[in-house]
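Undergrad:
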Amino acid sequence: MRWHPLEIAFWLCTLLPFAVAPSYLSLASQIAITALFALSLDLILGYAGIVSLGHAAFFGFGAYSAGLLSKHYLGEPLTGLLAAAIAAGVLGYALSHVIVRFRHLALIMLTLGFGLLLHEAANSASALTGGADGLQGIKVGTLFGFKFDMFGRTAYAYSLAVLFLCFLICRRIIHSPFGLALRGIRENATRMPAIGAPSRAHLRKAYTIAAAIAGIAGALLTQTTSTVSLEVLSFGRSADVLVILILGGAGRLYGGIIGAIIYLVARDQFSGINPQYWYFWIGLLLVVVVMFLPNGILGGLARFFPRRA
Amino acid sequence: MKKLLIAAALGAAFGAAHAQQPVKIGVVMTLSGQFADAGNQMHNGIKTYMKMHGDTVAGRKIEIITKDTGGPAPDVAKRLAQELVVRDGVDILAGWVLTPNAMAAADVSAEAKKFMVVMNAATSVIITKSPYMIRTSVTLPQVMETFGTWAATKGGIKQSYTMVTDYGPGHDSENAFQSAFKAAGGTIVGAVRFPVANPDFSAFVQRAKDIGPESIFIFIPGGAQPAALGKAFAERGIDKKKTRVLGSGETTAEAALKAMGDNALDIITAWHYDYMSKSPLNQKFVKEYQGVAGGRNPDFFSIGGYDGMHAIYETLKKTGGKTDGDTLIAAAKGLKWESPRGPMMIDPDTRDVVQNVYIRRVQRVGNDLVNVPFDTIPMVKDPAGERRKQK
Amino acid sequence: MLSSLAAVLFDGFAYGMLLFLLSVGLSVTLGMMNFVNLAHCSFAAVGGYATVTLVNRLGWPFLATLPIAFAAAALVSILLERTLYRRLYRSSDLDQCLLTIGIVFISVAAFAWFYTTEQQSARVPEYLKGSVQFLGVNFAVYRLFLIVFGLATTAILVLLLEQTRFGARVRAAVDNQRMARGLGIDVDRAFMITFALGGGLAGLGGALAIEVIGLDPAFALTYLVYVLIVVAVGGLGSIGGSFAAAAVLGISDMAGKYYFPWLGAFLIYLVMVALLMWRPAGLFGKR
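Listed in order, the protein sequences are those of chains A, B and C.
Each residue of the first sequence is one higher than the one before, counting from 369 in this note's numbering.
Each residue of the second sequence is one higher than the one before, counting from 5 in this note's numbering.
Each residue of the third sequence is one higher than the one before, counting from 3 in this note's numbering.
This is how it looks when you write it as structure tokens:
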């Protein structure tokens with residue numbers, strides 16, 4: 369599993385913001401977090417073929433877990449990350465039993481439904497979650513002695529490191545027999561059991577892992593911003609990450625990361641130039657990309673570079 | 005890290021000494037999504053103030069940088085505040101339509117020691133999150149507790165059934181109204197909470213009707229809901245002379261009155277601003293506002309923005325153009341002025357807004373439906389803030 | 003007790019009729035061509051804003067604006083279909099999602115630009131306001147109007163589908179596109195007309211919805227979720243399915259809020275999840 373020189377160049381470039389754009393580190397941190405979130409969605413959508421309109425459920429569950437942990441017990445970031453991964457993973461595992469039984473529109477709407485239900489539950493449990501005002505009193509500790517301050521240095525270093533680690537894990541998974549089986553299930557779910565690959569068990573595993581990683585991304589957001597509110601569980605967040613993944617190109621490992629960079633940088637720039645109507649330009653960007661680059665940016669570019677999927 | 009902070013502080017100090025440098029104000033609002041209208045109205049209020057009073061104060065030019073959070077997004081709000089401070093070098097952080105956004109940005113205001121002006125977000129506790137913050141809008145306890153007390157005493161109402169939207173401001177209003185109402189001798193006969201994006205109120209109104217209370221207290225956000233609720237009252241046959249309907253100002257805002265028509269008559273509301281107020285200052289403000297906002301009338305988001313800019317201008321005049329957080333906040337404490345809404349003050353202890361609360365009834369005046377004020381409770385301080393002081 | 007049950011059923015059914023009008027177009031076009039058109043509610047908003055412009059700025063009577071709302075939305079949908087959508091018929095669902103979401107964003111910005119973000123209302127004639135009393139229950143006139151309208155539309159659509167040649171072609175294309183083409187049916191033309199019809203109905207729904215749920219630029223995004231729920235629960239390509247799903251969802255939403263207000267918004271999602279788990283292809287779905 370060699371590293372393509374472009375990949376190495378890409379990861380080296382992610383260090384550039386420290387040097388050339390130090391006032392953009394907070395944005396870079398949020399891009400890295402969204403990229404991680406999109407990567408987790410790619411696992412189930414791009415590779416296992418499960419279209420989810422409710423993936424923010426795990427992102428938000430992880431975010432609140434980390435927030436509640438740091439508020440009531442322990443502000444140490446890495447512990448919070450672990451707690452979020454476990455919490456979101458357990459939730460993912462539980463839901464996966466229902467999810468994998470369904471396909472097509474029913475599957476999409478069920479994921480949507482679970483996301484909406486969790487959002488409502490968090491709103492109702494406002495004594496625990498702080499409701500629409502958000503969770504107050506989050507005290508995030510230091511990471512190896514570094515504080516999370518307004519310059520965003522620690523935040524970006526942290527988010528980038530976690531993104532890279534999870535990326536390595538995902539890369540491993542994709543190129544393993546399990547990953548190949550997932551792709552087989554995506555292509556033809558009926559045939560896979562016939563050649564000995566237990567579809568549902570594999571899908572449940574993939575779903576659980578994806579949920580855990582999404583939870584980690586959520587926890588990162590809470591810890592780097594010291595805030596969490598209902599918005600992390602919203603349909604809007606689920607829809608955004610789906611758009612980002614499709615934009616970048618699903619099923620290509622880097623699609624979520626590329627999509628996150630392009631979408632969030634574009635949004636930041638458009639929003640700065642035209643704060644009242646920036647979403648017009650974003651819409652235009654999406655339409656143009658779809659018309660000229662089918663299967664997302666990476667998919668469209670694949671026509672020019674022959675690559676491994 | 006520390007070197008950067010010192011450099012930034014030195015830069016700010018130098019900037020303040022250089023009277024020719026513009027004063028940069030970062031205004032963060034919701035200009036898209038569900039709360040876009042609130043942000044736009046606030047923005048128009050800011051523009052109107054600058055049109056009426058020019059863009060130079062204490063020899064320095066005022067430069068506004070606008071940012072959109074897209075809705076309730078504290079992570080985005082915090083990042084925008086950080087970028088405004090670190091990247092754009094703003095002297096003042098202003099705007100803040102929604103509570104979670106204001107709360108998140110308060111951390112930045114405290115860390116960077118920047119003067120922060122909250123022009124809308126109405127949850128009481130926000131003001132405690134940064135010692136450099138003032139508020140020029142309203143707090144929910146300020147209006148709702150006053151309303152509860154008024155209803156049980158001067159209003160002569162003994163019972164009330166409360167109906168609020170199931171989210172932060174709704175819960176706060178419910179608590180505020182109920183506690184004040186009960187403390188003044190009233191009885192709460194029941195309570196219900198609507199789901200947040202609820203489009204249809206008939207089921208809830210039917211429940212209220214079945215109980216037949218002496219009065220109904222409602223709190224719902226602006227937008228499409230007040231009109232829908234008003235229609236539900238009419239359709240279910242609630243007679244407002246027998247069952248008094250008490251609401252917050254948003255329930256009888258301009259768009260709601262237009263949509264409800266005569267269904268709105270006799271609704272009693274408590275609020276701090278109405279664009280139809282006859283004071284000469286307000287009439288002038290409304291005229292200028294219409295020019296800036298393409299013919300639209302101002303609402304309480306607009307006046308929050310307008311008075312926020314006024315507070316900024318006045319404090320800058322007092323400090324002679326100095327913009328560091330400590331100087332500005334010291335100048336802002338105790339600031340008093342006459343606003344289109346009436347007299348206003350920034351409380352010297354809590355830094356929160358102190359203003360009149362008006363009790364109004366919807367009546368037909370000529371061809372229009374107007375919130376006619378018939379009682380005023382003067383210079384109300386935020387009761388929740390006062391209670392915090394005592395702790 | 004019984005009277006409040008009647009009131010809840012009536013109100014819920016009326017709300018359901020509104021959802022039906024907004025959703026039926028998407029159900030049929032999604033079932034027919036498998037084209038994921040998330041911009042469906044933008045067509046509804048076009049109809050709504052058409053009515054607002056005619057009533058508020060030009061003083062037209064409300065009912066007279068309804069055919070224009072239909073036509074405007076139908077026109078916009080044909081325009082989009084001919085220029086952008088038809089190039090993506092062979093594309094993946096995900097690409098179609100991306101395109102149509104992009105169009106939604108553009109439409110929201112366009113509405114905000116032309117009409118500002120202000121909440122819109124359209125004056126409804128006096129004879130449609132207020133309520134009538136019957137056996138001790140208050141029935142809102144406008145809701146009665148919605149119910150009559152919804153039932154009439156359903157009847158016309160079913161007649162169209164069952165009794166006309168055009169309807170037969172549409173049904174054939176929904177059942178098996180390849181076979182229908184093989185039989186010489188001009189599927190693309192049938193689809194274009196169906197698409198226009200569906201868009202027009204959404205526009206009509208948008209116009210009628212102003213009085214009940216209001217109108218602002220974000221309408222296209224806010225109601226997308228509800229429309230998707232109706233389409234999924236009803237079953238793709240089925241008018242009866244959309245009708246049943248909309249009615250069930252409208253009534254359970256209303257009943258839930260009346261009898262279990264603490265469940266609030268949960269109920270409509272719970273009902274959706276339960277129904278989909280029981281019938282994944284929708285109540286009257288074919289696949």
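Where is the CB? At the ideal position from N, CA and C, for every residue including glycine.
What you are looking at is a predicted structure, and each value in this text was computed from that prediction instead of being measured.
1. Using a threshold of 8 Å, state whether the C-beta atoms of A574/A and A416/A are closer than that.
2. Do C586/A and V609/A have their CB atoms nearer than 8 Å?
3. So that I know if they touch, is there some Cβ in chain A lying closer than 8 Å to that of K28/B?
4. Using a threshold of 8 Å, state whether the C-beta atoms of V530/A and L485/A are closer than that.
5. What would DSSP say about S133/C, mapped onto helix, strand or coil?
6. Rounded to whole angstroms, what is the Cα-Cα separation between F39/B and G104/C?
7. Near I80/C, which residues of its chain fall below 6 Å by C-beta distance, leaving aside the five closest residues on each side in sequence?
8. Using a C-beta to C-beta distance shorter than 8 Å, which residues of chain A count as neighbours of M274/C?
9. Could you tell me the distance, in whole angstroms, from the CA atom of Y165/B to the CA atom of R197/B?
10. Need the endpoints of the alpha helix (DSSP H) that I215/C sits in, please.
11. A110/B and M120/B - do their beta-carbons sit closer together than 8 Å?
12. Which one or two residues does DSSP pair with Y165/B in a beta bridge?
13. Counting only beta-carbon separations shorter than 8 Å, does Y53/B have a partner in chain A?
14. Could you please give the first and the last residue of the uninterrupted alpha helix (DSSP H) stretch that includes Y432/A?
15. Cβ atoms of L278/C and A234/C: under 8 Å apart, would you say?
16. Please compile the residues from chain C whose C-beta is within a distance smaller than 9 Å of the C-beta of N375/B.
17. Can you tell which of G284/C, A75/C, G252/C and Q135/C has the C-alpha that lies nearest to the C-alpha of F15/C?
18. Between which two residues does the beta strand (DSSP E) containing Y362/B stretch?
19. Alpha carbon to alpha carbon, how far is W280/C from L163/C? Give it in angstroms, no decimals.
20. In its own chain, which residues sit with a C-beta less than 8 Å from the C-beta of F64/C, not counting the 5 before and 5 after it?
21. Just verifying my parser: in three-state terms, what is the DSSP assignment at V275/C?
22. Decide if the region 24 to 38 of chain C is in contact with the region 150 to 162 of chain B; the criterion is three or more beta carbon pairs, one per stretch, under 8 Å apart.
23. Please name the residues in the region 110 to 131 of chain C whose beta-carbon is closer than 8 Å to at least one beta-carbon of chain A, in chain order.
24. Looking at C-beta atoms only, is the number of pairs between the region 257 to 270 of chain B and the region 348 to 366 of chain B that lie closer than 8 Å three or more?
25. Mind checking whether R83/B and Q398/A have CB atoms under 8 Å apart?
26. Would DSSP call F514/A helix, strand or coil?
27. Does G227/B come within less than 8 Å of chain C when only Cβ atoms are used?
28. Along chain B, which residues have their Cβ under 9 Å away from the Cβ of M256/C?
29. Closer than 7 Å, Cβ to any Cβ of chain C: which residues of the region 29 to 52 of chain B, in chain order?
30. Look at the alpha carbon of A11/B and the alpha carbon of K321/B, and state the distance between them as a whole number of angstroms.
31. If you drop the 5 nearest sequence neighbours on each side, which residues of the same chain put their C-beta closer than 6 Å to that of R605/A?
32. Using a Cβ-Cβ cut-off of 8 Å, state whether D97/C counts as contacting chain A.
33. Counting only the same chain and skipping the five closest in sequence on each side, list residues whose C-beta sits under 7 Å from that of S44/C.
34. Are the Cβ atoms of G236/C and L285/C separated by less than 8 Å?
35. For the structure I just gave you, are there three or more beta carbon pairs, one from the region 50 to 67 of chain B and one from the region 284 to 304 of chain B, closer than 8 Å?
36. Would you mind giving the Cβ-Cβ distance between D170/B and P199/B, rounded to the nearest angstrom? I have them listed as a contact below 8 Å.
TA: On the basis of the supplied data:
1. yes
2. Here residue 586/A is Gly; the residue named in the question, Cys, does not match the sequence. No, the Cβ-Cβ distance between G586/A and V609/A is not below 8 Å.
3. no
4. Contact flag unset, no.
5. strand
6. 21 Å
7. A198
8. M477 and G481
9. 11 Å
10. V189 to I215
11. yes
12. G194/B and I220/B
13. Interface with chain A (8 Å Cβ-Cβ cutoff): Y53/B is excluded.
14. A424 to H440
15. yes
16. Those do not exist, as N375/B stays about 17 Å from chain C at its closest Cβ, beyond 9 Å.
17. G252/C
18. V357 to V369
19. 28 Å
20. Within the same chain, F64/C has close Cβ partners T53, V57, A124, R125, V126, P127 and L130.
21. In the structure shown, V275/C adopts helical secondary structure according to DSSP, grouped into three states.
22. no
23. Of all residues in the region 110 to 131 of chain C, those with a C-beta nearer than 8 Å to a C-beta of chain A are V110, A111, A112, A114 and W115, reading in chain order.
24. yes
25. yes
26. Taken through DSSP and simplified to helix, strand or coil, F514/A comes out as strand.
27. At least one chain C Cβ lies under 8 Å of G227/B.
28. D204, S206 and A207
29. G37, Q38, A40, D41 and N44
30. Note that A11/B has pLDDT 49, beneath the 50 cutoff, so the model's placement of it is unreliable and the number below is only indicative. Distance between the alpha carbons of A11/B and K321/B: 26 Å.
31. A424
32. yes
33. I105, V106, S109 and A222
34. yes
35. yes
36. 6 Å
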